[in-house]
Amino acid sequence: MKLERWNPSLKAGTILISVILLSFQYLVSLNLLVFGISLLLLLFCSDARPRQIGAILIPAAVAAFGLFVMGLYYSRGSSITDSQLSSISAVPYAVRAAMSQNLYSALQLATRLLAYAGLGILFALSTDGEYFISSLMHQCRLSPKFAYGILAAFHLMPGMIREFRSVRTAFAVRGVHAGALSLKPIFTMLVNSVRWSESVAMAMESKGFCGEAPRSYYAVPKVRWADWAGSFGCIGAIIAGMLFLRY
Amino acid sequence: MGNSWKLKDVLLIAISAVLFGVIYLGCTYIGGIFYGLLTPVGMASLGYEPFYGIYFMAAAFGIYVMRKPGTGLIAELLAAVLECLYGNYFGPIIILSGLVQGLGFELIIALKGYKKYDRATMIEAAVVCSVVTMIYNLFISGYNQIAVPVLAIMMVVRIISAIIFCGIVTPILADGLAKAGVLKGYAVAGDVSEDLED
Chain A
159 MKLERWNPSL KAGTILISVI LLSFQYLVSL NLLVFGISLL LLLFCSDARP RQIGAILIPA
219 AVAAFGLFVM GLYYSRGSSI TDSQLSSISA VPYAVRAAMS QNLYSALQLA TRLLAYAGLG
279 ILFALSTDGE YFISSLMHQC RLSPKFAYGI LAAFHLMPGM IREFRSVRTA FAVRGVHAGA
339 LSLKPIFTML VNSVRWSESV AMAMESKGFC GEAPRSYYAV PKVRWADWAG SFGCIGAIIA
399 GMLFLRY
Chain B
415 MGNSWKLKDV LLIAISAVLF GVIYLGCTYI GGIFYGLLTP VGMASLGYEP FYGIYFMAAA
475 FGIYVMRKPG TGLIAELLAA VLECLYGNYF GPIIILSGLV QGLGFELIIA LKGYKKYDRA
535 TMIEAAVVCS VVTMIYNLFI SGYNQIAVPV LAIMMVVRII SAIIFCGIVT PILADGLAKA
595 GVLKGYAVAG DVSEDLED
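Structure (structure tokens):
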């Protein structure tokens with residue numbers, strides 16, 4: 159079964175339950191297995207291209223590395239004590255000793271982030287946004303008003319980035335210096351956002367969109383037994399890993 | 415709860431969530447530089463904390479403008495689903511964070527019966543939200559493995575960030591919009607016109 163065909167709501171639910179389960183354990187091996195299997199599934203059971211996977215993995219790897227170094231230096235309970243730091247000759251040994259003790263905690267922190275990222279990427283690269291929203295509507299009873307509202311805002315984003323740039327340019331042309339966090343362009347953008355929300359709502363309603371009335375759908379995502387099997391399989395595998403893995 | 419929402423309310427919340435997302439994205443570049451500088455001293459995760467408050471801005475703006483129960487939570491959930499659609503590497507896990515952030519921000523406002531929206535309340539909400547999200551990080555991100563003083567520094571930076579972005583900047587922006595007459599029909603507009611009559 160292709161990952162793309164896994165019902166998005168069930169896929170998201172499975173990943174959320176997996177993450178909550180993983181947050182109760184500190185097994186480096188299980189974290190790495192979850193990360194590795196997620197990537198293998200993406201490579202062999204989905205249409206995601208290896209290059210896409212690599213690009214999305216970079217920020218995750220950077221975040222994991224930062225957390226690793228943080229864990230190495232500042233893990234709870236096994237940090238270098240003040241007295242060891244004060245006696246100069248003891249420092250190299252103390253640092254080494256503390257680091258070896260901290261290494262495992264650091265690995266726990268970093269691999270946990272990788273496991274989450276693996277699961278997140280599995281979803282992100284194998285799920286079509288519109289199919290996900292449509293599934294939220296049919297499987298999770300999200301009201302059409304919210305569903306189509308989200309999609310409208312989603313598709314506005316490229317226009318908003320363009321508008322943001324021209325607002326900043328407009329300020330620059332008038333000689334108003336607007337720094338990265340200046341409120342002036344943000345205020346203008348908020349005014350635009352309110353206007354957009356009004357006109358997009360008007361446009362949708364004038365095309366006959368009404369949040370409440372029953373409507374027909376071009377495609378209705380369904381939940382098949384294979385979707386449930388996939389979900390139970392994943393959660394079962396993680397529970398098994400929690401029970402049987404040691405490190 | 416959902417029925418009292420008009421389409422334009424949903425769109426305003428969703429579009430503002432996208433806007434705050436764009437602002438956050440801009441700030442991640444600065445955050446990335448901090449992150450790189452702080453990695454060698456083991457404080458990498460501190461790099462993004464100064465901008466953490468932007469995460470709560472969708473909730474803060476939504477509830478401050480609409481003043482309806484559930485707005486903060488719904489705003490954060492919409493923001494989370496949107497982030498999920500844009501392909502964040504945490505995928506649906508963001509929805510869980512959004513739930514925690516929305517509930518965290520609304521907690522204080524709910525305790526005050528959805529009646530008070532002054533600066534002090536917004537600042538309290540920002541502080542509580544920071545604490546709630548840090549507790550969430552303790553369990554989900556495994557921060558309970560990290561030494562308490564380091565966590566305390568992160569907590570302080572996060573609280574300051576939330577106070578600036580959600581307790582101060584968001585009400586200033588929303589009041590400005592209301593005074594400019596852009597937010598007619600929203601609860602915040604009524605409040606500002608009362609102020610003018612005083």
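These protein sequence lines are chains A and B, in that order.
Each step along the first sequence adds one to the number in my numbering, with nothing skipped, and position 106 is 264.
Each step along the second sequence adds one to the number in my numbering, with nothing skipped, and position 130 is 544.
Backbone N, C-alpha and C fix where the C-beta goes; we use that ideal spot for every residue, glycine too.
*Determine the chain B residues that contact Val177/A at a beta-carbon separation under 8 Å, and present them in chain order.*
Correct list: Ile507, Leu510, Ile554.
_Phe579/B versus Gly435/B - alpha carbon distance_ = Straight-line Cα distance between these residues: approximately 13 Å.
*Assign Trp419/B to one of three DSSP states: helix, strand, or coil.*
coil
*Going by beta carbon distance, what residues of the same chain come within less than 7 Å of Asp205/A, once the five residues before and after it are set aside?*
Glu162
*Examine chain B for any beta-carbon lying closer than 8 Å to the beta-carbon of Ile319/A, and answer yes or no.*
yes
*Going by DSSP, which residues form a beta bridge with Ile507/B?*
Partner(s): none; Ile507/B has no beta bridge.
*Taking 8 Å as the CB-CB cut-off, is Ala473/B touching chain A?*
no
*Below 8 Å CB to CB, which residues in the same chain sit around Cys498/B once its five sequence neighbours on both sides are set aside?*
Gly505, Pro506, Ile508, Ile509
*Along chain B, in chain order, which residues have C-beta atoms closer than 8 Å to that of Arg234/A?*
Asn558, Gln559, Ile560, Ala561, Val562
*Could you check where the alpha helix (DSSP H) with Gln210/A kicks off and where it finishes?*
208 to 232
*Distance CB(Ser233/A)-CB(Ala561/B) smaller than 8 Å*: For Ser233/A and Ala561/B, yes; Cβs fall inside 8 Å.
*At 7 Å on the CB atoms, spell out the chain A contacts of Gly456/B, in chain order.*
Val227, Met228, Leu230, Tyr231, Tyr232
_I want to verify the contact list: residues of chain A whose CB lies under 9 Å from the CB of Ile437/B, in sequence order._
Phe322, Leu339, Ile344, Met347
*Identify the contact partners of Lys160/A in chain B, using a Cβ-Cβ distance below 9 Å as the criterion.*
Around Lys160/A, no beta-carbon contact reaches into chain B at under 9 Å, the shortest distance being about 17 Å.
*Closest Cβ-Cβ distance between Phe504/B and chain A: below 8 Å?*
At least one C-beta of chain A is nearer than 8 Å to the C-beta of Phe504/B.
*Short Cβ contact (8 Å threshold) for Phe475/B with Ser575/B*: no
_Nearest neighbour of Ser355/A, chosen from Ile211/A, Lys303/A, Ala330/A, Thr285/A [CA to CA]_ = Lys303/A
*Quick one: any contact between the region 173 to 188 of chain A and the region 287 to 307 of chain A, if contact means 3 or more CB pairs under 8 Å?*
no
*Since I believe Gly456/B is in contact with Val227/A (beta carbons under 8 Å), could you give me their beta-carbon distance rounded to a whole number of angstroms?*
Under the criterion of beta carbons closer than 8 Å, Val227/A and Gly456/B qualify as touching, at roughly 5 Å.
*Counting only runs of 4+ residues fully inside the region 258 to 288 of chain A, write out the alpha helix (DSSP H) ranges in chain order.*
none
*asked:* Taking 8 Å as the threshold (beta carbon to beta carbon), is Thr453/B in contact with chain A?
replied: Yes, because at least one Cβ of chain A sits closer than 8 Å to the Cβ of Thr453/B.
*asked:* When you compare the CB of Arg270/A with every CB in chain B, is at least one pair closer than 8 Å?
replied: So yes, Arg270/A belongs to the interface.
_Judging by CA-CA distance, which residue of Ile522/B, Val545/B, Tyr443/B, Leu517/B is the nearest neighbour of Thr535/B?_
Residue Ile522/B is the option with its Cα nearest to Thr535/B.
*Please confirm if the region 357 to 371 of chain A is in contact with the region 306 to 315 of chain A, defined as three or more CB-CB distances below 8 Å between the two stretches.*
yes
_Within 8 Å, strictly: CB atoms of Val432/B and Ala311/A_ = yes
*asked:* Considering only the alpha carbon of each residue, which of Tyr262/A, Phe223/A, Tyr231/A, Ala213/A lies closest to Asn502/B?
replied: When each option's Cα is compared against that of Asn502/B, the closest is Ala213/A.
*Mind reading off the beta-carbon distance from Lys342/A to Val349/A? Whole number of angstroms is fine, and I expect it under 8 Å.*
11 Å between Cβ atoms; not a contact.
*Nearest to Pro379/A by alpha carbon, out of Met159/A, Leu168/A, Leu201/A?*
Leu168/A
*Is the shortest distance between the beta-carbon of Ser389/A and the beta-carbons of chain B less than 8 Å?*
no
*How many angstroms separate the CA atom of Ala264/A from the CA atom of Cys203/A?*
Cα atoms of Ala264/A and Cys203/A: separation of roughly 32 Å, rounded to the nearest angstrom.
_Which residues DSSP lists as bridging Ile560/B, in chain order_ = Ser233/A
*Note down, in chain order, each residue of its chain lying with its Cβ closer than 8 Å to the Cβ of Met400/A, except the 5 sequence neighbours on either side.*
Leu179, Phe182, Gln183, Leu185, Leu188
*Tell me which same chain residues have a C-beta within less than 6 Å of the C-beta of Trp386/A, skipping the five on either side of it?*
In its chain, beyond the 5 residues on either side, no residue has a beta carbon closer than 6 Å to the beta carbon of Trp386/A.
*Please name the residue in Leu426/B, Ile554/B, Ile488/B, Ser555/B whose C-alpha comes closest to that of Phe519/B.*
Ile488/B
*asked:* What does the Cβ neighbour count give for Pro316/A, buried or exposed, with the cut at 16 atoms within 10 Å?
replied: Exposed, because fewer than 16 other Cβ atoms sit within 10 Å of the Cβ of Pro316/A.
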